[in-house]
Amino acid sequence: MIVREKQNWLRLLFVWRGSILKDILPRLVFLFLFSVLVVYFRGKLLDYDFSFNPVPLTFIGIALAIFLGFRNNASYERFWEARKLWGSLLNTTRSLTRQAITMSGLSANSPQVSLFVHLLIAFTYTLKHQLRQTEANSDLTRLLPTSLATSIQKGQYKPIRILKELGIWIQQRKQEGHIDSVTETAFDYNLNKLSEIVGGCERIANTPIPFPYTLLLHRTVYAYCYLLPFGLVDSSGWMTPLFVVLTGYAFMGLDAVVSEIEEPFGLEPNDLALNGMSKMIESTLLEMIDLEAPFLPPPHNSFFID
Amino acid sequence: MIVREKQNWLRLLFVWRGSILKDILPRLVFLFLFSVLVVYFRGKLLDYDFSFNPVPLTFIGIALAIFLGFRNNASYERFWEARKLWGSLLNTTRSLTRQAITMSGLSANSPQVSLFVHLLIAFTYTLKHQLRQTEANSDLTRLLPTSLATSIQKGQYKPIRILKELGIWIQQRKQEGHIDSVTETAFDYNLNKLSEIVGGCERIANTPIPFPYTLLLHRTVYAYCYLLPFGLVDSSGWMTPLFVVLTGYAFMGLDAVVSEIEEPFGLEPNDLALNGMSKMIESTLLEMIDLEAPFLPPPHNSFFID
Amino acid sequence: MIVREKQNWLRLLFVWRGSILKDILPRLVFLFLFSVLVVYFRGKLLDYDFSFNPVPLTFIGIALAIFLGFRNNASYERFWEARKLWGSLLNTTRSLTRQAITMSGLSANSPQVSLFVHLLIAFTYTLKHQLRQTEANSDLTRLLPTSLATSIQKGQYKPIRILKELGIWIQQRKQEGHIDSVTETAFDYNLNKLSEIVGGCERIANTPIPFPYTLLLHRTVYAYCYLLPFGLVDSSGWMTPLFVVLTGYAFMGLDAVVSEIEEPFGLEPNDLALNGMSKMIESTLLEMIDLEAPFLPPPHNSFFID
Amino acid sequence: MIVREKQNWLRLLFVWRGSILKDILPRLVFLFLFSVLVVYFRGKLLDYDFSFNPVPLTFIGIALAIFLGFRNNASYERFWEARKLWGSLLNTTRSLTRQAITMSGLSANSPQVSLFVHLLIAFTYTLKHQLRQTEANSDLTRLLPTSLATSIQKGQYKPIRILKELGIWIQQRKQEGHIDSVTETAFDYNLNKLSEIVGGCERIANTPIPFPYTLLLHRTVYAYCYLLPFGLVDSSGWMTPLFVVLTGYAFMGLDAVVSEIEEPFGLEPNDLALNGMSKMIESTLLEMIDLEAPFLPPPHNSFFID
Amino acid sequence: MIVREKQNWLRLLFVWRGSILKDILPRLVFLFLFSVLVVYFRGKLLDYDFSFNPVPLTFIGIALAIFLGFRNNASYERFWEARKLWGSLLNTTRSLTRQAITMSGLSANSPQVSLFVHLLIAFTYTLKHQLRQTEANSDLTRLLPTSLATSIQKGQYKPIRILKELGIWIQQRKQEGHIDSVTETAFDYNLNKLSEIVGGCERIANTPIPFPYTLLLHRTVYAYCYLLPFGLVDSSGWMTPLFVVLTGYAFMGLDAVVSEIEEPFGLEPNDLALNGMSKMIESTLLEMIDLEAPFLPPPHNSFFID
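Just so you know, the sequences run in chain order F, B, X, A and U. For the first sequence, counting from 1, position 88 maps to 78 in our numbering; every step adds exactly one. For the second sequence, counting from 1, position 82 maps to 72 in our numbering; every step adds exactly one. For the third sequence, counting from 1, position 124 maps to 114 in our numbering; every step adds exactly one. For the fourth sequence, counting from 1, position 239 maps to 229 in our numbering; every step adds exactly one. For the fifth sequence, counting from 1, position 35 maps to 25 in our numbering; every step adds exactly one.
Right, here's the structure in full:
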């Protein structure tokens, strides 16, 4: 999520920033040294020849391909579903803001509409804090009247509390006679969607890919990489460390990327930019009621970096 | 679903808890001893050489890759769809609770709203009991007035009975003049969703992956693993048992994980944490009407362990 | 769909009931004898050596893997979509029954509600009969008043006729002043869903996977299996028939399972249990209006066997 | 889509009708002769040996597997989505007809309802003509009053014009006081769906799979097939032409099927049976208002042949 | 997206226009020359033999197949989802136009309806400009009254501003008494959809496939292609450059196509034809209110070329 502009194919080969290579370099160096030792000692260690024909490795390779393919797809789907949920959060809060402006019988710059929009922004931030297990307090007090912020702060499921407040807000418009039950239902339809977004994010955060998959893949990858030098030493000689490190780069690299992608709400480099997206939602909702965001929104198409 | 915190890549290689290795260890030991015997006796048994070229194994390997890939994907999709249905159950019961609080014309702490919320909680528990074929009685009597509990207990399709009671509850609000048919329809929309959740769970529980797939895969995996030592003994000698056990770990391990994942409503280690999710739904719904759950809800992001 | 309880991994290797082996055994025996002949005659037939290097088989193997993987996935998706449509039929008829009980202004045991529910049950049975091209008459006369049964029996698209009757039933409630157009629309929403279910089932029944796929796969599988003994005889000798039969079991077995799964509304062992599901819908709808099904509904989680 | 009844596995090997073999036979014959020449001249042509080790072919084979697998899946998804859109067209026109009969305040045999149904049928036929770029005029004049047919005929987007007429029809019912805005909205919901069906079909017709994919796959397939004889001649001798043709049958056959499936609205043998489906929609809608189709509708489950 | 008509299989082999070959030709020429050097110097360079057995390449090949397969699928899904969003834009603007004509109580040629339709067209163009980061001003002033164009021009999120204007337009119809809240909700339902379309496009534009995937794939492809000549030189001699270039064409070609497809809103040859689609939406909406588009709309089924 760091480098955006299209790159020349040649320069792309030597990019360092944003590469997974940074993370796995020590492991690759170690694997390289190990391979060098295997080549150096071949046939010499205690008069026993540990090298072997590479055929058995292709059998483990089949299993590896299935594991890697599956775990990669499942993780990317989690990542992309999480992104879709936050995209849907953007769409739904925009729709609710539009409804508050044009269907509630109130003018766009009335304090009630402003409260409604700030509740939506607070909803976004509390969801972010819940998913990252950080403290929502400073955002709540920044966005909401103190008494409301305090009451929400007490709850265990803060976004759901705010959802209830949004429902009460709509109920009040109805009691004032500004809206009838048809319009109330149109609002309610979007509140249902917000409820689904919270539940969807909780589902991804609370239910990881079953742990045995991670273990099976992780162990098979490392067993494979460390058996590789023994299988290649006879046919490849001093080229062995090169091949082993290349293969190790591909497999360990994928294993490492997948571990980041798998939990998309974390704080690792390739996780979702929840901070950037929260600020973007704040900025677009405030623009709709002609207020300005308290920070400079980044230029389009390049701001989703946490 | 047991180990949550990110682990060091090195320590991950030696985790025992939550590993499928526990379950398949006896089979791997047996396969190991079998391979040792094959290597020891090669060429000696009745003057007949049972070893062979490993090429034919790659042909069976193609079939194996297709079977494993398919059954793994289909099983994981069942698991994840089941999880989505329970996530949807959470969202929909929350939405219905919000509707009961803000749209029914009753206050959040009225006994009727409390009954409605307890019906939703009872719905959740009876669905869990139906899927696991356990007895719903104790949860029904804990949550509902005795007469209602008794009447629901008699039915074969208990969640559907509760759905009908929820419909009657809404009908009563309409007869009291608190809601009109528009609001009734907004409630009804979410009751339809609950109906879809029950049916979706029943579908997964009642229609397994066609049995011949399980047999084809299971038999091909074991035939493959037990032919492997004959194919490798000539080229790999005393390294054979190591390769066979590694390959066996990968294939038998996946076969075993998939068998658990496939029926996500069971009680095996990697099945869905229906107990944890039911308690979570109880706790979040009660919080919405300012009641406390009769048990300590676990901290976020780490409680879905049955 | 026959064996449900979890089986010991060892016993699973020797299950006969529900195995596809029953269906393809004669073909495997024939393939076995053919392989024996190839091994016996190698190099002897007219002084010409028909054996060859197995490498070319791996090239055909790539094509085979793509065909099998694709056709298997496409067939299973058809099977599972058909199952989802019938699951949706269950959910929607339950929702319509709940609506008839709680939203039509009639009591649950009124004759009109009973007619409505019996129309839904008749809808289910006529859909089953249409998909299996069997005679709906006996079920229609069992469930509906004679005049109605006769009029529906005459139509070519019977489920659509019943859908129209359901629409007329709702129209009558409106004309009686029991429901307004909002409630009528809530009913109508679920009738739209029934219309989608009929169309979805017709789509799967009327549009098979394009025939050339079936031919391409079927022919490649058999060509591959019958070339295999020539490719293996040099390297594997008398082990050849064993490998050939194992590979044949895997590929021919998958080809045979897929042919059954592909047309999920048929009567083969692995097709959908439309009888069981129809009875289950009848039983759950009747329970909702406190009537008993005319047959003993099977215990949960084990009844979807036709 | 031509052969429907289940066939004996043996007879299936020799089916000619509906096979793709018809289309690619000349190419296979040419490939066969080319292979024969390669075998005949090996080592002799200008004293230079053009044969080579088949290993490099496996490297191209990896790319081929990815291309074929991808393009096949993407094409089949286009085919199946197109089929789903036409299935949805059937469902939605049936639902609109049911709504016109039971919710418009008009009787099923009134001229207005008949006009409405004929507009739906004309919608179906104009969509078919737009997708196949054929002339809609004869169907329009057959189905609609002359003035209406003429006015629609003038438009560039005919189905959208008819959609507008359907909207005007509903508006007239409202102006007559037969329906209120709730019922109008229920109709409108299904008109939105028709709009989505038109747009979905236009999307598939207007946006093919990006052309470079087709080129990459097509060229790799043919390069692969024509290199194959050089790679196999050393190890397989006079068996080479057999293997080459078999592999060519599989790869060229898939390439040819995929080209047909990819554009599902065309007129090739495996494209969608838009004529059959249009007639089926006409027949089922007319049955709902007790009119007869002007042609004999084919028996169920066997009529989708164009 | 350039060549539409079905081509003869033979001519398809020699198409140049629209081929990715144009883009990667220099890289292939370089790879070819590199391979020639490898073959020429084999065994001679400093008395050290750099050639090696090709087996290790198959191990890297497994990783390559997983990477290429995944990135290709993920990119194509992005491309196709983006296309679906623009298809949905077409459907939804058509539906809103139909609603404005038939449900707003205004006649199709009233200035208000014309304003509404022009707002929809302006919505389409501003979305295009936002996604391509181009200047919306000329289209805004062409389509909208100056004051409105100026006010929208000032906003950062222009399509959302127009969405708000559409909401205000509907509100005005309600205040005039032309529509009730039911019809307002029917409009609002489609405005929600437009909001989802904007958010969906922003999601695809702002969240690329995680960058490490691109790097891992790109580097593995080039490492693989440049190691290939060393692995093939021993067995293939002077045929090596041919094989290397063929394999390089397949892998580098796919890598290059995928890079274009991945960002579907760009201006490269295989990106979406946003200009063509915007004009098509303008033309079809104007036709619905009997106005003519200010440009000649291209003939059907061949106009989506930017």
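Glycine included, C-beta positions come from ideal geometry on N, C-alpha and C.
Along the chain, which unbroken stretches of the alpha helix (DSSP H) at least 4 residues long are found entirely within the region 82 to 157 of chain X?
-> 101 to 122, 127 to 133, 136 to 144
Three-state secondary structure assigned by DSSP to ARG7 (chain F) = The sequence position of residue 7 (chain F) within the first sequence is 17, counting from 1. DSSP places ARG7 (chain F) in coil when its eight states are reduced to three.
7 angstroms Cβ cutoff met for ALA72 (chain B) and PRO254 (chain B) = Locating residue 72 (chain B) in the second sequence gives position 82, counting from the first residue. Locating residue 254 (chain B) in the second sequence gives position 264, counting from the first residue. Yes.
Which residues of chain U have a Cβ atom closer than 8 angstroms to the Cβ of ALA297 (chain A), listed in chain order?
-> In the structure displayed, chain A extends from -9 to 296; residue 297 (chain A) sits before or after that span and is not available.
Using the C-alpha atoms, what's the distance from TYR212 (chain A) back to VAL45 (chain X)?
-> Taking the third sequence and counting its residues from 1, the one referred to as residue 45 (chain X) is at position 55. Taking the fourth sequence and counting its residues from 1, the one referred to as residue 212 (chain A) is at position 222. The straight-line gap from Cα to Cα measures roughly 20 angstroms.
Just tell me which of B:THR131, B:ARG163, B:SER9 has its CA closest to the CA of LEU93 (chain X).
-> Position 103 of the third sequence, counted from the first residue, corresponds to residue 93 (chain X). Contrary to the premise, residue 93 (chain X) reads as Met rather than Leu in this sequence. That would be B:ARG163, whose Cα lies nearest to the Cα of MET93 (chain X).
Rounded C-alpha distance that separates ILE206 (chain B) from ALA240 (chain X) = Indexing the second sequence from 1 puts residue 206 (chain B) at position 216. Indexing the third sequence from 1 puts residue 240 (chain X) at position 250. In the sequence under discussion, the amino acid at residue 206 (chain B) is Leu, which differs from the Ile named in the question. Roughly 7 angstroms between the two C-alpha positions.
Three or more C-beta pairs closer than 8 angstroms, one from the region 51 to 65 of chain X and one from the region 171 to 189 of chain B: is that the case here?
-> no
Environment of ARG132 (chain A) [buried if 16+ CB atoms lie within 10 Å] | Along the fourth sequence, one-based indexing puts residue 132 (chain A) at 142. So ARG132 (chain A) ends up on the exposed side.
Is there at least one non-hydrogen atom of the ligand PLP closer than 6 angstroms to the beta-carbon of PHE42 (chain A)?
-> What this structure holds is no ligand at all, so the ligand PLP is not there to describe.
Measure how close the beta-carbons of ILE169 (chain B) and GLY95 (chain B) come, nearest whole angstrom, since I'm counting them as under 8 angstroms.
-> In the second sequence, the residue the question calls residue 169 (chain B) occupies position 179. In the second sequence, the residue the question calls residue 95 (chain B) occupies position 105. Indeed they touch by this definition, with Cβ atoms about 6 angstroms apart.
Answer with yes or no whether the minimum CB distance from VAL247 (chain F) to chain U is below 7 angstroms.
-> Position 257 of the first sequence, counting from 1, holds the residue named residue 247 (chain F). True, the Cβ-Cβ gap to chain U drops below 7 angstroms.
Assigned exposure category for GLY238 (chain A) - 16 Cβ within 10 Å defines buried = Looking up residue 238 (chain A) in the fourth sequence gives position 248. GLY238 (chain A) should be labelled buried.
Exposure of VAL188 (chain A), with buried meaning 16 or more beta-carbon neighbours within 10 Å = Translated into positions along the fourth sequence, residue 188 (chain A) becomes position 198. Looking at its Cβ environment, which holds 16 or more other Cβ atoms inside 10 Å, VAL188 (chain A) is buried.
Determine the direct distance from the alpha carbon of LEU275 (chain U) to that of ARG122 (chain X), and round the result to whole angstroms.
-> Within the third sequence, the letter at position 132 stands for residue 122 (chain X). Within the fifth sequence, the letter at position 285 stands for residue 275 (chain U). For ARG122 (chain X) and LEU275 (chain U), the distance between alpha carbons rounds to 45 angstroms.
Would you identify the three-state DSSP class for ILE169 (chain A), choosing helix, strand or coil?
-> By 1-based counting over the fourth sequence, the position of residue 169 (chain A) is 179. The answer is coil: DSSP assigns ILE169 (chain A) none of H, G, I, E or B.
Contacts around SER141 (chain B), its chain only, beta-carbon distance under 8 angstroms, and the 5 residues preceding and following it disregarded = As a first step, residue 141 (chain B) must be located in the second sequence, where it is residue number 151. Only ARG151 meet the Cβ criterion.
Can you tell me the Cβ-Cβ gap for THR230 (chain X) and SER25 (chain X), rounded? I've got them flagged as a contact below 8 angstroms.
-> Your numbering for residue 230 (chain X) matches position 240 in the third sequence. Your numbering for residue 25 (chain X) matches position 35 in the third sequence. Indeed they touch by this definition, with Cβ atoms about 6 angstroms apart.
Are the C-beta of ALA53 (chain B) and some C-beta of chain X separated by less than 7 angstroms?
-> Within the second sequence, residue 53 (chain B) is the residue found at index 63, counting from 1. Yes, ALA53 (chain B) lies at the interface with chain X (some Cβ there is under 7 angstroms from its Cβ).
Cβ of ARG61 (chain A) less than 7 angstroms from any chain U Cβ?
-> Against the fourth sequence, residue 61 (chain A) aligns to sequence position 71. No - not a single Cβ of chain U is within 7 angstroms of the one on ARG61 (chain A).
Any idea what DSSP makes of THR197 (chain A), helix, strand or coil?
-> For the purposes of this step, residue 197 (chain A) is identified with residue 207 of the fourth sequence, where counting begins at 1. In the structure shown, THR197 (chain A) sits in coil (DSSP, three-state: anything other than H, G, I, E or B).
DSSP three-state call for ASP280 (chain X): helix, strand or coil?
-> As a first step, residue 280 (chain X) is located in the third sequence; it is residue number 290 there, counting from the start. Correct three-state label for ASP280 (chain X): coil.
C-beta contact flag for LYS148 (chain B) and THR116 (chain B) at 7 angstroms = The count along the second sequence starts at 1 and reaches residue 148 (chain B) at position 158. The count along the second sequence starts at 1 and reaches residue 116 (chain B) at position 126. Their beta carbons are under 7 angstroms apart, which means LYS148 (chain B) touches THR116 (chain B) by this criterion.
What first and last residue would you give for the alpha helix (DSSP H) that runs through ASP245 (chain U)?
-> Locating residue 245 (chain U) in the fifth sequence gives position 255, counting from the first residue. Run containing ASP245 (chain U): 230 to 252, per the alpha helix (DSSP H) assignment.
Using the beta-carbon count (16 or more within 10 Å), is THR136 (chain B) buried or exposed?
-> Stepping through the second sequence from its first residue, residue 136 (chain B) is reached at position 146. Exposed, because fewer than 16 other Cβ atoms sit within 10 Å of the Cβ of THR136 (chain B).
Between the CA atoms of ARG68 (chain X) and SER268 (chain X) - distance to the nearest angstrom | Taking the first residue of the third sequence as 1, we reach residue 268 (chain X) at position 278. Taking the first residue of the third sequence as 1, we reach residue 68 (chain X) at position 78. One C-alpha to the other measures close to 20 angstroms.
Proximity test, Cβ basis, 7 angstroms: PRO200 (chain U) and chain F | Along the fifth sequence, one-based indexing puts residue 200 (chain U) at 210. Interface residue, yes.
Contacts that TYR66 (chain F) makes with chain U (C-beta to C-beta distance below 9 angstroms) | Residue mapping note: residue 66 (chain F) aligns to position 76 of the first sequence, counting from 1. The contacting residues are PHE60, ALA64, ILE199, PRO200, TYR203.
Should GLU125 (chain B) be flagged as near chain X, meaning a C-beta pair shorter than 7 angstroms?
-> Working through the second sequence from its first residue, we reach residue 125 (chain B) at position 135. Cβ-Cβ to chain X under 7 angstroms: no for GLU125 (chain B).
At what residues does the alpha helix (DSSP H) containing LEU2 (chain U) begin and finish?
-> Locating residue 2 (chain U) in the fifth sequence gives position 12, where the first residue counts as 1. From DSSP, the alpha helix (DSSP H) with LEU2 (chain U) extends over -1 to 2.
Among A:HIS108, A:PHE220, A:ASN43, A:SER65, which residue has its Cα nearest to the Cα of TYR30 (chain A)?
-> As a working mapping, residue 30 (chain A) is identified with position 40 in the fourth sequence. If we check each option's Cα against that of TYR30 (chain A), A:PHE220 comes out closest.
Does any residue of chain A bring its CB to less than 7 angstroms from the CB of PRO1 (chain U)?
-> Walking along the fifth sequence from the start, residue 1 (chain U) turns up at place 11. Residue identity check: residue 1 (chain U) is Arg in the sequence provided, not Pro. With 7 angstroms as the cut-off, ARG1 (chain U) does not count as an interface residue toward chain A.
Nearest chain A C-beta to ILE10 (chain U) closer than 7 angstroms, yes or no?
-> Residue mapping note: residue 10 (chain U) aligns to position 20 of the fifth sequence, counting from 1. So, interface residue.
What whole-angstrom Cβ distance do ASN182 (chain U) and SER185 (chain A) have, given they're in contact under 8 angstroms?
-> Your numbering for residue 182 (chain U) matches position 192 in the fifth sequence. Your numbering for residue 185 (chain A) matches position 195 in the fourth sequence. With 8 angstroms as the limit, ASN182 (chain U) and SER185 (chain A) do not qualify as a contact, their Cβ atoms being about 16 angstroms apart.
Would you kindly work out how many angstroms separate the C-alpha atoms of THR48 (chain F) and PHE233 (chain X), rounded to a whole number?
-> Numbered from its first residue, the first sequence carries residue 48 (chain F) at position 58. Numbered from its first residue, the third sequence carries residue 233 (chain X) at position 243. The straight-line gap from Cα to Cα measures roughly 19 angstroms.
For GLU258 (chain X), three-class secondary structure by DSSP = Position 268 of the third sequence holds residue 258 (chain X). GLU258 (chain X): coil per DSSP, three-state reduction.
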